[in-house]
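*Asks:* Take this structure, written in structure tokens, and hold onto it; I'll ask about it next.
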Amino acid sequence: MLIPLALALSVTTAHPVDSPTLTENPLYKTGKMAKVKCREKPLSSMNRPQARKYIKALNDCLNKAWRAQLKKVGLPLTDADLGFIDKRKNHCGSKWEASVAGMYCHRDFGYVILLDRNLLEYPHTLFIFQLVGHEYGHHIQKTMGLIEAYSYYPTGGKRETQELTRRLELQATCLSGVFLGSAFASLGRPASDVAELRQIIRSSGDEYWKGHDHGRGKNQETWFMRGFESRNPKSCNTWTSKPGKVA
Numbered sequence: 003m004l005i006p007l008a009l010a011l012s013v014t015t016a017h018p019v020d021s022p023t024l025t026e027n028p029l030y031k032t033g034k035m036a037k038v039k040c041r042e043k044p045l046s047s048m049n050r051p052q053a054r055k056y057i058k059a060l061n062d063c064l065n066k067a068w069r070a071q072l073k074k075v076g077l078p079l080t081d082a083d084l085g086f087i088d089k090r091k092n093h094c095g096s097k098w099e100a101s102v103a104g105m106y107c108h109r110d111f112g113y114v115i116l117l118d119r120n121l122l123e124y125p126h127t128l129f130i131f132q133l134v135g136h137e138y139g140h141h142i143q144k145t146m147g148l149i150e151a152y153s154y155y156p157t158g159g160k161r162e163t164q165e166l167t168r169r170l171e172l173q174a175t176c177l178s179g180v181f182l183g184s185a186f187a188s189l190g191r192p193a194s195d196v197a198e199l200r201q202i203i204r205s206s207g208d209e210y211w212k213g214h215d216h217g218r219g220k221n222q223e224t225w226f227m228r229g230f231e232s233r234n235p236k237s238c239n240t241w242t243s244k245p246g247k248v249a
């Protein structure tokens with residue numbers, strides 16, 4: 003998912019990032035996320051009605067988990083709005099790219115999931131779970147002011163803009179790992195499902211697409227596992243990492 007970056011009015015470098023909202027956000031002080039119980043709804047191949055119920059239940063669980071997380075620092079959370087489409091179309095003023103399975107719209111405080119064959123053909127994997135967690139990660143970024151700080155951060159050209167966008171996207175991937183790490187024990191799934199998901203993430207990197215805005219597969223996997231293993235948003239501070247870690 004790609005959130006447009008505002009045109010810069012001055013020139014600087016994307017790294018090191020010197021915005022306190024990005025690098026010292028209160029989100030990083032919320033500590034480890036408590037284990038949460040999530041029940042997966044039945045989901046069979048190419049069944050859109052089941053997929054909607056599955057994702058709605060997952061969204062409810064995300065709302066509950068992240069509301070409790072932000073409450074630790076005295077911050078409220080508005081539930082994320084959720085929508086579905088069956089084929090690609092422009093959304094939130096942006097073109098829906100072929101590689102995109104979900105998109106968050108900061109204006110609407112919500113996200114849309116594309117229920118196409120690519121997503122629904124193999125529903126037994128944890129990919130849908132991780133995808134929804136990633137889009138919800140953008141909702142947390144919006145709530146905490148990270149998206150606005152990113153949008154108005156000055157960059158010195160396309161390469162720096164892409165690097166800043168990768169920092170945003172990799173943080174959302176890490177936050178999806180925080181949630182999945184907190185919910186995994188309640189799913190009754192084997193550890194091999196996480197290994198399978200890691201392979202899927204590695205195979206979804208920028209090296210397989212035209213864009214350079216989400217990070218290489220190896221880096222996506224690394225940031226996801228940082229969140230999954232720590233269950234702590236502090237581990238998702240991509241803004242202070244060296245460029246190679248967010249390439």
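For the sequence shown, the numbering used here begins at 3 and goes up steadily by one.
Ideal placement from N, C-alpha and C gives every residue a C-beta, glycine not left out.
1) Is the CB-CB distance between residue 169 and residue 248 below 8 Å?
2) How many Å lie between residue 81 and residue 201 at the Cα?
3) In three-state terms, what does DSSP make of residue 155?
4) Short check: CB of residue 178 to CB of residue 136, under 8 Å?
5) Whole beta strand (DSSP E) runs in the segment 40 to 121 with 3 or more residues, listed along the chain?
6) Taking one C-beta from the segment 139 to 157 and one from the segment 210 to 226 each time, how about it: are there three or more such pairs within less than 8 Å?
7) Thinking residue 184 and residue 233 are a contact (beta carbons under 8 Å), I'd like their distance in whole angstroms, please.
8) Rounded to a whole number of angstroms, what is the C-alpha to C-alpha distance between residue 228 and residue 222?
9) If you check the beta carbons only, do residue 59 and residue 43 fall under 8 Å apart?
*Replies:* This is what the structure holds:
1) Your numbering for residue 169 matches position 167 in the sequence shown. Your numbering for residue 248 matches position 246 in the sequence shown. Yes, the Cβ-Cβ distance between residue 169 and residue 248 is below 8 Å.
2) Looking up residue 81 in the sequence shown gives position 79. Looking up residue 201 in the sequence shown gives position 199. Rounded to whole angstroms, residue 81 to residue 201 spans 31 Å at the Cα level.
3) Numbered from its first residue, the sequence shown carries residue 155 at position 153. Of the three classes helix, strand and coil, the one that applies to residue 155 here is coil, per DSSP.
4) For the purposes of this step, residue 178 is identified with residue 176 of the sequence shown, where counting begins at 1. For the purposes of this step, residue 136 is identified with residue 134 of the sequence shown, where counting begins at 1. Contact flag set, yes.
5) 83 to 87, 104 to 107, 112 to 116
6) no
7) Here residue 184 is taken as the residue at index 182 of the sequence shown, counted from 1. Here residue 233 is taken as the residue at index 231 of the sequence shown, counted from 1. At roughly 5 Å, the Cβ-Cβ gap stays under 8 Å, so residue 184 and residue 233 are in contact.
8) Counting from one through the sequence shown, the residue named residue 228 turns up at place 226. Counting from one through the sequence shown, the residue named residue 222 turns up at place 220. Each residue's Cα considered, the two are about 10 Å apart.
9) Taking the sequence shown and counting its residues from 1, the one referred to as residue 59 is at position 57. Taking the sequence shown and counting its residues from 1, the one referred to as residue 43 is at position 41. Taking 8 Å as the Cβ cut-off, residue 59 and residue 43 qualify as a contacting pair.
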